[in-house]
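Engineer: Numbering (my numbering), first residue to last: 63 to 330. C-beta: ideal position from N, C-alpha, C; glycine also. After the structure tokens below, expect a handful of questions from me.
In structure tokens, the structure reads:
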């Protein structure tokens with residue numbers, strides 16, 4: 063019995079190691095395909111999100127507007143807009159990702175899930191890396207402060223990264239199944255911004271609305287990040303159990319659709 067369990071464990075470790083190796087290879091292939099080998103190359107993974115986030119922050123910094131004495135607007139934007147960009151990029155970059163890389167499935171080692179996760183991880187690395195650079199400049203200048211609860215703040219970011227990854231799995235599979243889904247997803251992603259919690263907190267909403275706002279899994283992520291960053295300065299509302307169950311549920315649904323897509327792929 064022990065020998066059988068040991069063999070199963072060894073087989074599991076082998077599969078995980080192979081999947082990790084394939085994802086890493088696809089990750090660097092995606093960087094080269096998207097950004098090329100010339101110029102700053104891989105650095106664009108981090109600097110591209112900064113290009114989107116930077117002008118928004120600079121604008122608010124120049125007007126020096128504070129809508130709440132306890133919460134400087136620049137800090138509030140940094141806990142809302144960048145996590146939303148990370149999630150949106152994971153979702154949008156996943157669209158038709160399998161069709162674009164279908165030829166790679168000719169190799170037995172390459173799994174469909176590896177293609178999707180490689181793209182998602184690229185956006186996660188870029189989003190988190192850009193935040194490290196932004197904070198590295200703004201904290202010494204005392205424009206922003208260090209998070210009140212750094213561990214909780216990191217947990218919020220890791221949750222947003224996990225939610226972005228499982229969203230990529232689901233949206234990639236759905237876009238391969240339905241052309242209509244591919245067409246409507248981009249407008250929906252932009253419409254999600256005002257209702258996601260990126261620019262408001264649940265405590266600011268009427269009590270009749272706040273419970274419904276927390277039904278959106280991504281809103282729980284923003285609340286967690288802001289609770290970790292601002293601490294006692296804000297009143298955050300989030301449900302960790304609901305947030306984690308949402309990630310697991312979306313992952314399961316996405317994998318089911320992805321399995322269906324895999325069976326219908328014809329490798330030429």
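Which two residues bound the contiguous alpha helix (DSSP H) that contains residue 279?
Structural biologist: As a working note, residue 279 is residue 217 in the chain shown. Per DSSP, residue 279 belongs to the alpha helix (DSSP H) from 279 to 292.
Engineer: Could you pull the start and end residues of the alpha helix (DSSP H) that residue 189 belongs to?
Structural biologist: As a working note, residue 189 is residue 127 in the chain shown. Segment 174 to 200, the alpha helix (DSSP H) holding residue 189.
Engineer: Under 7 angstroms, do residue 178 and residue 161 count as touching if we go by C-beta distance?
Structural biologist: Here residue 178 refers to the residue found at position 116 when the chain shown is read from its first residue. Here residue 161 refers to the residue found at position 99 when the chain shown is read from its first residue. Taking 7 angstroms as the Cβ cut-off, residue 178 and residue 161 do not qualify as a contacting pair.
Engineer: Assuming residue 275 is part of the alpha helix (DSSP H), what are its boundary residues?
Structural biologist: The sequence position of residue 275 within the chain shown is 213, counting from 1. That run of the alpha helix (DSSP H) goes 269 to 275.
Engineer: Identify, in the order they occur along the chain, each residue of the same chain with its Cβ nearer than 6 angstroms to the Cβ of residue 186, setting aside the five sequence neighbours on each side.
Structural biologist: Locating residue 186 in the chain shown gives position 124, where the first residue counts as 1. Contacts found: 223.
Engineer: Does the beta-carbon distance from residue 149 to residue 226 come in below 7 angstroms?
Structural biologist: Taking the chain shown and counting its residues from 1, one reaches residue 149 at position 87. Taking the chain shown and counting its residues from 1, one reaches residue 226 at position 164. Cβ atoms of residue 149 and residue 226: closer than 7 angstroms.
Engineer: Does the Cβ of residue 241 have 16 or more other Cβ atoms within 10 Å, making it buried, or fewer, making it exposed?
Structural biologist: Counted from its first residue, the chain shown places residue 241 at position 179. By the 10 Å Cβ count, residue 241 comes out exposed.
Engineer: Could you tell me the distance, in whole angstroms, from the CA atom of residue 80 to the CA atom of residue 300?
Structural biologist: Within the chain shown, residue 80 is the residue found at index 18, counting from 1. Within the chain shown, residue 300 is the residue found at index 238, counting from 1. When rounded, the distance between both Cα atoms is 37 angstroms.
Engineer: Check each candidate in 306, 173, 248 and name the one with the smallest Cα separation from residue 280.
Structural biologist: Along the chain shown, one-based indexing puts residue 280 at 218. Of the listed residues, the one whose Cα sits closest to residue 280 is 306.
Engineer: Span of the alpha helix (DSSP H) holding residue 12?
Structural biologist: Beyond the ends of the chain as shown, which are 63 and 330, falls residue 12; an answer cannot be given.
Engineer: Do residue 211 and residue 259 have their C-beta atoms closer together than 7 angstroms?
Structural biologist: As a first step, residue 211 must be located in the chain shown, where it is residue number 149. As a first step, residue 259 must be located in the chain shown, where it is residue number 197. No, the Cβ-Cβ distance between residue 211 and residue 259 is not below 7 angstroms.
Engineer: Which term fits residue 319, buried or exposed, when burial requires 16 or more other beta carbons within 10 angstroms of its beta carbon?
Structural biologist: Position 257 of the chain shown, counted from the start, is the residue given in the question as residue 319. Counting Cβ neighbours within 10 Å, residue 319 comes out buried, since at least 16 surround it.
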